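Here the sequence shown is numbered in our numbering, starting from 135 and rising by one per residue.
First up is the structure itself, then whatever we jot down about it.
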Amino acid sequence: MAASSPVDRVLAAVDAAADELVAFTSELIRVPTVNPPGDAYAHCARLIGERLSAGAFDVEYHAADGRPEHTTAHPRINVVGLRRGRSLRPAVHLNGHVDVVPPGSGWTVDPFGGIVKDGRIYGRGACDMKAGIGAAVYAAEAIRRAGIDLNGSVEISGTVDEESGGFAGVAWLAQQKRLSAERQDFVIIPEPLNVDRICIGHRGVYWFEVTTHGRIGHGSMPFLGVSAIEHMGVILDRMRRELMPALAARTTDLPVVPEGARHATFNINGIQGGQPVSGIQTPCVADRCRAVFDRRFLPEEGFDATKAEIQALLERAAAEVPQLAYELRDLMVVHPVRTPEGSPLVAALERGVQRVLGRPATRVASPGTYDHKHVDRIAGIPNCVAYGPGILDLAHQPDEWCGIDDLVNATKVLALSVLELTQTSG
Ligand SMILES: [Zn+2]
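If you want it as structure tokens, here you go:
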């Protein structure tokens, strides 16, 4: 009788472990790693670490020492496991963030119950991205249970704070050289981009703050003061009339989904001016108004032109209103990233999707950024993508869920990709 191929053995091992995979994902959901503030990270890291140890990984815990958000109350603990095969390279690293956004309202199930029903796992983080972590862990475990010794190594990490920028998580590991082109060849982030889509990057981000400065005066004689709020209004009006239509007319060739995000976009995150409206009011002209903006820019635009456009708009507003005084401050800049054309990583995942789902994969780009940026910019590993189970649109929603079929299939695709990328044939 002919022995079955490694691919068949791995696929069978994933199927055989399906119940365990679902139970592990539920267990992860039951750890309420809410960010902010960054609860229960150490507990979650240990849960992943113990599972990796049981799967023959060497496990390390990396506290983000020196980061201001790494505190006694909310320690930032990352877990990294390495399982070496016949050699260290090629090395495939699967990275998932352990943090989840707050549940918010509108839930009909316990957001931290990890409830399984009707072929779905429910809970905050079910798709974004505890299912992805489960898939990574069981992809590696299925390879081990199939009795396959990799011709390279596989690593799995659970990292913190992706939802708030990833500075104590993936960025920190990259700064410490734990993630680096010297160590890893390929990085897959199982974010919920849908089971048949491979995410090859994202647009750029420019967060900035504009402050207008007025002059305080008596509210009964507003003509003797200068209203910073009115002047912010002038700026906002120009943004709406001039900037927004210009941005909507620009498109990128990056395959961003959903379609509406294939353009340059702009959001007003918050605005604050004059007296707090919930406090006791006094008759005063507002002498200060601040607003924070989120501008998503296209690779084709670039950061310099993006910022110059904002500066020019502010200058035009100031020219229109003589007393309009403003200040522009950069809060965060993330440059666009894109997996190189012809990356073997994309090819391996595409073959995996075709094999497991029987249909071709679609290449997409994410509307928002994720830890890819740190892998690319700080660790210097260009071969990075996001691929994982779960429906993108359900991320951060009430009653978030991940389909068990998707979870199992994504686990298979990840396992086959690890085999191919490590050039393991038996
Ligand atoms: Zn995520």
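Backbone N, C-alpha and C define an ideal beta-carbon position, used for all residues, glycine too.
No experiment lies behind these values; they were computed from the predicted model shown.
- About 13 Å separates the beta carbons of L162 and L186, which is beyond the 8 Å limit, so they are not a contact pair.
- Taking the Cα positions, E449 is about 19 Å away from P379.
- Contact fails between the segment 276-295 and the segment 464-478, because fewer than three Cβ pairs, one in each stretch, are under 8 Å apart.
- C-alpha of S361 to C-alpha of V243: approximately 48 Å in a straight line.
- DSSP places S412 in the coil class of the three-state scheme, outside both helix and strand.
- Judged by DSSP in its simplified three-state form, K441 adopts helix.
- In this structure, H231 has its beta carbon less than 7 Å from a heavy atom of ligand 1.
- Closest by C-alpha distance to I512, out of N212, P245, L307 and A260, is L307.
- The distance from the Cβ of P532 to that of G238 is about 6 Å, consistent with a contact at the 8 Å cut-off.
- In this structure, the C-beta of E534 stays at least 7 Å away from each heavy atom of ligand 1.
- In the structure shown, the three-state DSSP call for L216 is strand.
- In this structure, E203 sits near G172, with a CB-CB distance shorter than 8 Å.
- Per the DSSP secondary-structure output, Q406 pairs in a beta bridge with R424.
- Taking C-alpha positions only, R349 is separated from G299 by approximately 36 Å.
- The shortest C-alpha to C-alpha distance from H506 to any of R220, K311, E325 and R143 is the one to E325.
- Per DSSP, reduced to three states, the secondary structure at M466 is strand.
- Judged by beta-carbon spacing, E297 lies within the 8 Å limit of N169, meaning their Cβ atoms are closer than that value.
- Within the same chain, Cβ atoms closer than 6 Å to the Cβ of A495 are found at D330, I332, E484 and V487, the five residues on either side in sequence being excluded.
- Note: V226 is bridge-paired with V288 and F320 in the DSSP secondary-structure output.
- Linking Q406 to T558 through their CA atoms gives a straight-line distance of about 57 Å.
- Taking 8 Å as the cut-off, the beta carbon of V235 is found no closer than this to the beta carbon of D319.
- Annotated as distal: N543 and T473, with beta-carbon spacing of 8 Å or more.
- The C-beta distance from I322 to S139 rounds to 22 Å, too long to meet the 8 Å contact threshold.
- Segment contact: the segment 194-208 against the segment 271-284, fewer than three CB-CB distances shorter than 8 Å; contact not assigned.
- Across the set G408, R312 and V426, the C-alpha of G408 shows the shortest separation from the C-alpha of C418.
- For the pair G253 and A152, the Cα-to-Cα distance works out to about 12 Å.
- The Cβ neighbour count for H508, taken over all protein chains shown within 10 Å, is at least 16; the residue is labelled buried.
- With a beta-carbon spacing of about 19 Å, E435 and R374 fall beyond the 8 Å limit used to define contacts.
- With a cutoff of 8 Å on beta-carbon distance, P245 and G257 are scored as near each other.
- In the same chain as Y175, and ignoring 5 residues on each side of it, the C-beta atoms closer than 8 Å to its own belong to T167, H208, P209, R210, I211, V232, D233 and V294, in chain order.
- Note that the C-beta distance between F342 and R422 is not below 8 Å.
- In the DSSP assignment, I255 falls within the unbroken beta strand (DSSP E) covering R254 to Y256.
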